[in-house]
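Sequential numbering of the sequence shown, starting at 294, is according to the numbering used here.
All residues carry an ideal CB built from backbone N, CA and C; glycine is no exception.
None of these values were measured; they are calculated from a predicted model.
First up is the structure itself, then whatever we jot down about it.
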Amino acid sequence: RLLPIAAPEPEPMEAPPSTPWMSRILAIGMTLAVLGGLVAIFVTQEPAQLPAGMLLVPTAPGRPAFLVDRTAVTNQAFAERVPSHTFAPANADRPVVGITYDGAAAFAASNRKRLLGAVEWDAAQATPGFVPAGMQLWEWVDDGAVGGDRAVRRVDGGLSRRPAEGGMDTTFRTRMDAP
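Written out as structure tokens, the structure reads:
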């Protein structure tokens, strides 16, 4: 005979102080059942709350998942960190362009993130909800090279290198480790 025993719901666990954007990392609910003198415990895990505007990118087995910006960094978001950046009001939600590779990397670091890696690009682009910057824009990616021209990717599968000074056809997005 099966006798269900409901365990009380545990209090949600609070995120560590270093990650204020997470209201809860996980909540565990347990259901106990007694069957022929044996106790079975079923554990369920709710997904973590993601930071606004970010997607969880699954990866190959053995590699950790990561979070990536759903869209390229916008003029508005860039100007919030770099007040000297100016743009036409109509372009507030358009991808920021003309930013150097080092400027893009510094912006990411100021937000405790980094540029999307060259090897992470395909997984990010294949994730539902990923919004391409457009067919004409390249995005800075970090391929680990130091100095010289830097790697860029484009939604059409394009892979190229551009001078680190950037151009009006280059934008970027950021990534961070998944909780």
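{"Asked": "Going by beta-carbon coordinates alone, are Ala-398 and Leu-408 separated by less than 8 Å?", "Found": "yes"}
{"Asked": "Leaving aside the five residues before and after Pro-357 along the sequence, list all residues of the same chain whose C-beta is less than 8 Å from its C-beta, in chain order.", "Found": "Asp-470 and Ala-471"}
{"Asked": "Measuring only the C-alpha atoms, how far is Val-412 from Pro-425?", "Found": "17 Å"}
{"Asked": "Would Thr-463 and Arg-455 qualify as a contact pair, given that the criterion is a beta-carbon distance under 8 Å?", "Found": "yes"}
{"Asked": "Glu-373 to Ala-345, Cα distance in whole Å?", "Found": "16 Å"}
{"Asked": "Applying the criterion that 16 or more other CB atoms from any shown protein chain within 10 Å of the CB defines a buried residue, is Asn-368 buried or exposed?", "Found": "buried"}
{"Asked": "Taking buried to mean at least 16 other C-beta atoms within 10 Å of its own C-beta, is Asp-395 buried or exposed?", "Found": "exposed"}
{"Asked": "Kindly list the residues whose CB is nearer than 6 Å to the CB of Ala-401, restricted to its own chain and excluding five residues on each side of it in sequence; keep chain order.", "Found": "Arg-407, Leu-408 and Thr-467"}
{"Asked": "If you run the structure through DSSP and keep just helix, strand and coil, what is Asp-470?", "Found": "strand"}
{"Asked": "Buried or exposed for Asp-362, please, with buried defined as at least 16 other CB atoms from any protein chain shown within 10 angstroms of its CB.", "Found": "buried"}
{"Asked": "Alpha carbon to alpha carbon, how far is Arg-387 from Pro-354?", "Found": "35 Å"}
{"Asked": "Could you please give me the residues that DSSP links to Gly-422 through a beta bridge?", "Found": "Note: Gly-422 sits in no beta bridge, so no partner."}
{"Asked": "Which residues in the same chain as Met-347 place their Cβ atom closer than 7 Å to its Cβ, once the five residues preceding and following it in sequence are excluded?", "Found": "Leu-360, Val-361, Asp-362 and Arg-363"}
{"Asked": "I need the boundaries of the alpha helix (DSSP H) containing Ala-370, first residue and last residue.", "Found": "368-374"}
{"Asked": "Taking just the CA atoms, how far does Gly-391 sit from Phe-371?", "Found": "12 Å"}
{"Asked": "Using DSSP bridges, identify the partner residues of Pro-388.", "Found": "Thr-367"}
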